[in-house]
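Here the structure is laid out as structure tokens; the discussion comes afterwards.
Protein chains in written order, with this note's numbering: chain A, 6 to 496; chain B, 4 to 328.
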């Protein structure tokens, strides 16, 4: 699935021009900004995730939900949201009189942290949820302080979860292009993906485009093999599978610290989002019927992609949990696949067989599945691994296999992660401009494409309204799928 | 029995009417979108020819190169002069066969493959309520203090960005890299496409945005706002012309030619100003009100498709080198 489009693109290359010196600096910029962005995203996510994991407060569900929103924003909307807050004429400059230096590598990193920290928070919160309640109770009865709890219980969990999360964020940041350029301030912020786009757009140098895409995949292979080696199973053993109550975190200072973490994260993540929503909400009534129809198409693509992702990710996660780790590497690599080359390659592959235009929507959904797979895997693999470790022997002794095992053991415990994975896929697919921009008939336009069309026709206010609709749909899908997963947990 | 009659019927449809298949027109996304000029042009042409036409959207040129001779396109619309030459080099196009002596372009047009349908000058647009005293020339822009802020598009990924690079080349020649280095202090950022830039401008993030002399017409006509203006430079402004062309391998040459003949007629050209927010290639009567109020340069600068293509790599390199200094 990953190599075929790459090879197909190569077959259409007209001669080999090789890479250019500027590609070297693009590679260097891509790597270092991705490493810094991923490290910051994860480091900032850990305290927030811990706070969310050990606090129960009214509205916590809503906080967790909206914290996921930046990740699914179309880049153009997110960039304008960040500009509205951190830009030269933004909120921060208005309030403090000091305008932060938004444009440059720091702007790229800020945007990447804005996009990816919420993802990291969500994945790490899931990790916290896997620490069995019995262990925490035991820790409390042994008089563990927060430091002991961290060393004995939380650190092993983080070691199991964090490398994978870092890897996913790192790889997302390596394929960034419109954000990197818009906030990077100029050609110094050229990423490999932008070089691919430039090679395709005017030079039509498919050989170079494929070579660059291959380079991107190679980064993925190296990073994935290196990181997943670091990730160790937490080895807590089985608990009674009950909701966790924390005894270790009742102190006032800890409480204050957690509140501060959550509040800071909300402020950072939600202010740009609020600016986007506030700007567009007043224009919502002006949205034309065609935009609503496009929204419906995006909804269908999103649900289709979510179902397909579950169908693909579940067996893959099962394979990883039973020891075939290379499957995990393959799944992670799908993020590093250049969406542009995936699109071109698929187009070239379909062209001799059929009219690719007819397949524009299914192909969009399929590419979304590929791109969402790694996130789904990050949610499913740790859960499945624990499941096999904790319930494997019991299941085997009871002779539970196949469908019965799935029904009795796996699904009830995996509906949470599965719902999360599907929700994330649906939300991502709804917000993704993706391959639809490469080939489509006007009647196939999705909501993100309509948003770009509105902007292209000077209708910035209508575009903002479409952005609000997009956020609502994506969050709604995320909420619905997650909810379905959580209800099952409770039952 | 039933299948045979269906087969016969299908055969009749395929060979019967003059225009059995719709005319397939490849167009950029903005053009064919419901907010672009495409739908109105489609309706006008269909009414005239008694045929069907359909748009296929996307990045027209790379798409055509991917498909080569197998393409379903009969006509391609939206290639501008700066990207026309690589399209010509594919050998996929046939002459347009239309008389181009009486155009309202700011320069002579002799190309026999690419037929112009609209044009505008590249220009820096500003908001008069925020920038009372815009630079009066390109030189003044180049020497502007650092607090004058600009956003431009990347010449590697955007046609308007490429037009700016060619514009600078046309005025300054070998000094282009210096000019980029001078502008780098003012350029807040470079975006991949026009929409991101223009969005930043309307949000008030920058003083000036790289756009077109016709951009203010949108604000005047659609929003009743005359505060958005193009800064006019005596050095001249680079002209962006968009074209239509027909494919040599079309299976409906008559219909494709009928469309080419339609392009410069008033029915098509009258849709251009408020559909595309640009000037028609052949004026049909008066322009809409807002267009009369536009500030326009005395001097237009243009490269032919051949010149623009020959210069493209060098001007992009000047951008990369100058901005990195």
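C-beta atoms are modelled at their ideal positions from N, C-alpha and C, and glycine is treated no differently.
Using a beta-carbon distance below 8 Å, is residue i in contact with chain A?
| i | result |
| --- | --- |
| residue 294 of chain B | no |
| residue 274 of chain B | no |
| residue 171 of chain B | no |
| residue 305 of chain B | no |
| residue 236 of chain B | no |
| residue 224 of chain B | no |
| residue 280 of chain B | yes |
| residue 252 of chain B | no |
| residue 116 of chain B | no |
| residue 160 of chain B | yes |
| residue 157 of chain B | yes |
Return the CA-CA distance between residue i and residue j, expressed in angstroms with no decimal places.
| i | j | result |
| --- | --- | --- |
| residue 182 of chain B | residue 216 of chain B | 21 Å |
| residue 274 of chain B | residue 154 of chain B | 30 Å |
| residue 20 of chain B | residue 124 of chain A | Low local confidence applies: a pLDDT of 45 at residue 20 of chain B is under 50, so the model's placement there is unreliable, with the coordinate-based value given in what follows. Their backbone Cα atoms lie some 58 Å apart in a straight line. |
| residue 398 of chain A | residue 135 of chain A | 19 Å |
| residue 139 of chain B | residue 300 of chain B | 11 Å |
| residue 309 of chain B | residue 278 of chain B | 29 Å |
| residue 242 of chain A | residue 416 of chain A | Low per-residue confidence applies at residue 242 of chain A: pLDDT is 48, beneath 50, and the placement is therefore not dependable enough to give any value. |
| residue 220 of chain B | residue 126 of chain B | 13 Å |
| residue 8 of chain A | residue 338 of chain A | 11 Å |
| residue 43 of chain A | residue 155 of chain A | 22 Å |
| residue 295 of chain B | residue 104 of chain A | 39 Å |
| residue 246 of chain B | residue 356 of chain A | 26 Å |
| residue 248 of chain A | residue 228 of chain A | Note that residue 248 of chain A scores a pLDDT of 49, beneath 50, so its modelled location is shaky and nothing firm can be said. |
| residue 358 of chain A | residue 316 of chain A | 26 Å |
| residue 303 of chain A | residue 238 of chain B | 47 Å |
| residue 361 of chain A | residue 285 of chain A | 35 Å |
| residue 182 of chain A | residue 280 of chain A | 23 Å |
Would you please verify whether the beta carbon of residue i is less than 8 Å from any beta carbon of chain B?
| i | result |
| --- | --- |
| residue 242 of chain A | Annotation note: pLDDT 48 at residue 242 of chain A (below 50); position unreliable, no value reported. |
| residue 168 of chain A | no |
| residue 9 of chain A | no |
| residue 187 of chain A | yes |
| residue 298 of chain A | no |
| residue 494 of chain A | The pLDDT assigned to residue 494 of chain A is 46, lower than 50, so where the model puts this residue is not dependable, and the model offers no usable value. |
| residue 94 of chain A | yes |
| residue 115 of chain A | no |
| residue 337 of chain A | no |
Chain B partners of residue i, CB-CB under 8 Å?
| i | result |
| --- | --- |
| residue 81 of chain A | 198, 199, 202 |
Less than 8 Å between the C-beta atoms of residue i and residue j, yes or no?
| i | j | result |
| --- | --- | --- |
| residue 190 of chain B | residue 179 of chain B | no |
| residue 486 of chain A | residue 311 of chain A | yes |
| residue 64 of chain B | residue 17 of chain A | no |
| residue 120 of chain B | residue 303 of chain B | no |
| residue 265 of chain B | residue 48 of chain B | yes |
| residue 26 of chain B | residue 77 of chain B | yes |
| residue 34 of chain A | residue 196 of chain A | yes |
| residue 60 of chain B | residue 187 of chain A | no |
| residue 10 of chain A | residue 347 of chain A | yes |
| residue 169 of chain A | residue 112 of chain A | no |
| residue 267 of chain A | residue 369 of chain A | no |
| residue 122 of chain A | residue 199 of chain A | no |
| residue 157 of chain B | residue 195 of chain B | yes |
| residue 267 of chain B | residue 96 of chain B | no |
Closer than 9 Å by beta-carbon distance: list the chain B residues that pair up with residue i, in chain order.
| i | result |
| --- | --- |
| residue 349 of chain A | 65, 69 |
| residue 205 of chain A | 62, 65 |
| residue 488 of chain A | Here the premise fails: no neighbours, minimum Cβ distance about 34 Å. |
Quick one: which chain A residues come within Cβ less than 7 Å of residue i?
| i | result |
| --- | --- |
| residue 38 of chain B | 458, 459, 462, 464 |
| residue 123 of chain B | Per Cβ cutoff of 7 Å: no residues; residue 123 of chain B is ~13 Å from chain A at best. |
List the residues of chain A whose Cβ lies closer than 8 Å to the Cβ of residue i, in chain order.
| i | result |
| --- | --- |
| residue 221 of chain B | 463 |
| residue 326 of chain B | 191, 192, 193 |
| residue 164 of chain B | Those within 8 Å of residue 164 of chain B in chain A number zero; the least Cβ separation is about 10 Å. |
| residue 315 of chain B | 207 |
For the ligand MG, is there any heavy atom lying closer than 7 Å to the beta carbon of residue i?
| i | result |
| --- | --- |
| residue 91 of chain A | With respect to the ligand MG, the structure shown offers nothing to examine, as it has no ligands at all. |
Could one say the Cβ of residue i lies closer than 8 Å to chain D's Cβ atoms, at least one of them?
| i | result |
| --- | --- |
| residue 64 of chain A | Of the protein chains in this structure, namely A and B, none is chain D. |
For residue i, go through chain A and note every residue whose CB falls closer than 9 Å to its CB, in chain order.
| i | result |
| --- | --- |
| residue 73 of chain B | 356, 357 |
As an exercise, report each continuous alpha helix (DSSP H) stretch of at least 4 residues that is fully enclosed by the region 190 to 252 of chain B, in chain order. 197 to 205, 218 to 226
Starting from the N-terminal side, write out each stretch of the beta strand (DSSP E) that is 3 residues or longer and does not extend beyond the region 126 to 211 of chain A. none
Can you list, in chain order, the stretches of the alpha helix (DSSP H) that have 4 or more residues and sit fully within the region 25 to 58 of chain B? 32 to 35, 41 to 52
Inside the region 296 to 365 of chain A only - alpha helix (DSSP H) runs reaching at least 4 residues: 331 to 341, 344 to 355
Contained alpha helix (DSSP H) runs [length at least 4] in the region 384 to 412 of chain A, N- to C-terminal order: 407 to 410
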